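To start, the structure under review is shown below, and the notes come after it.
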Amino acid sequence: MNTTPTITNKDNTNSALISPPISSSKTAINPANNSLINPPIKLGIMASGSGSNFEVIAREIHQRKLNAQIQVLIYNKPQAKVKDRAKNWNIPAILLNHKEYQDREKFDAKIVEILKQNQVELVVMAGWMRIVTPVLINAFPNKIINIHPSLLPSFKGNKAVENALEAGVKITGCTVHLVVPEVDSGEILIQAAVPILPNDNLETLHARIQVQEHKILPEAIVLAAKLDRK
Ligand code: GAR
5 MNTTPTITNK DNTNSALISP PISSSKTAIN PANNSLINPP IKLGIMASGS
55 GSNFEVIARE IHQRKLNAQI QVLIYNKPQA KVKDRAKNWN IPAILLNHKE
105 YQDREKFDAK IVEILKQNQV ELVVMAGWMR IVTPVLINAF PNKIINIHPS
155 LLPSFKGNKA VENALEAGVK ITGCTVHLVV PEVDSGEILI QAAVPILPND
205 NLETLHARIQ VQEHKILPEA IVLAAKLDRK
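Here the sequence shown is numbered in our numbering, starting from 5 and rising by one per residue.
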């Protein structure tokens, strides 16, 4: 008997999107004149790896589905594929190698300097695999979001997909949340659920989670841009 839970959304993609019921739909954007009414939100993206989430943001901006512009990409691993994606989109990419900094605070101070130089309004941690400190968090209060591959508060940390598999849960997913000093613990903006299938391994499960990440991250950017709190 197949005991896998089935959660089906209207796209029949075996997932469930959970977000606050506010009128912040991306479809509210009128591409023809929106930038005159609402200037595009200026994003700074931080990434450490492949950058598939970066790619989705860049593509949705290009397709005028998301009223934003990427001011700068900061990446911390010299070989990270995300830098090639930035080049393809003609987006400035700056390598800050954490190994060259004395401590996390000095590293974050440099990040802040670059984000401010680039007039960034909202910071998106899109696969940023470093713990950040109050030096960064306090420089952008309520304006840093992070995407995490689990249904927080379950499976915090950098082995979220692996830990969900090991725990034997039947549903996991992804979360976009505000960044606070405690790791993976800030206010949740949006989540999507993903069933774990009987034969899933790390790769197959992470791939299906990423399909959902690519849907919720642009939505979360719109939500976060509308939060106006100190
Ligand atoms: C994403 O799955 C994201 O959730 C995860 O890294 C991946 C980056 O993918 N982030 C974390 O685990 C943060 N703790 P990408 O480089 O293809 O966007």
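Glycine included, C-beta positions come from ideal geometry on N, C-alpha and C. Every value quoted in this text rests on a predicted model; they were computed, and no experiment measured them.
Check: Measuring alpha carbon to alpha carbon, tell me which residue in Ile-192, Leu-169, Gln-75 is nearest Thr-208.; Outcome: Leu-169
Check: Spell out whether any CB of chain C is found under 8 Å from the CB atom of Val-226.; Outcome: Looking at the structure shown, chain C is missing, and only one protein chain is on hand.
Check: Just the Cα atoms here: how many angstroms apart are Ala-211 and Val-198?; Outcome: 11 Å
Check: Closest to Gly-53 by C-alpha separation, out of Ile-141, Lys-81, Thr-176, would be which residue?; Outcome: Lys-81
Check: Ile-141 by DSSP, collapsed to three states: which one?; Outcome: helix
Check: Pair every Cβ in the stretch 92-109 with every Cβ in the stretch 144-162, then say whether three or more of these pairs are closer than 8 Å.; Outcome: no
Check: Taking only the alpha-carbon atoms, compute the straight-line gap between Gln-75 and Val-86 and give it to the nearest angstrom.; Outcome: 15 Å
Check: Whole-angstrom Cβ separation of Glu-64 and Arg-89, contact assumed at under 8 Å?; Outcome: That pair is no contact at about 14 Å.
Check: By the DSSP assignment, the alpha helix (DSSP H) with Lys-219 in it spans what residues?; Outcome: 206-230
Check: Can you tell me which of the three DSSP states Ile-115 falls into?; Outcome: helix
Check: What do you reckon, is the C-beta of His-152 under 7 Å from a heavy atom of the ligand GAR?; Outcome: yes
Check: Going along the chain, which residues of its own chain have a beta-carbon closer than 6 Å to the beta-carbon of Pro-153, five neighbours each way excluded?; Outcome: Ala-164, Val-165, Cys-178, Ile-213
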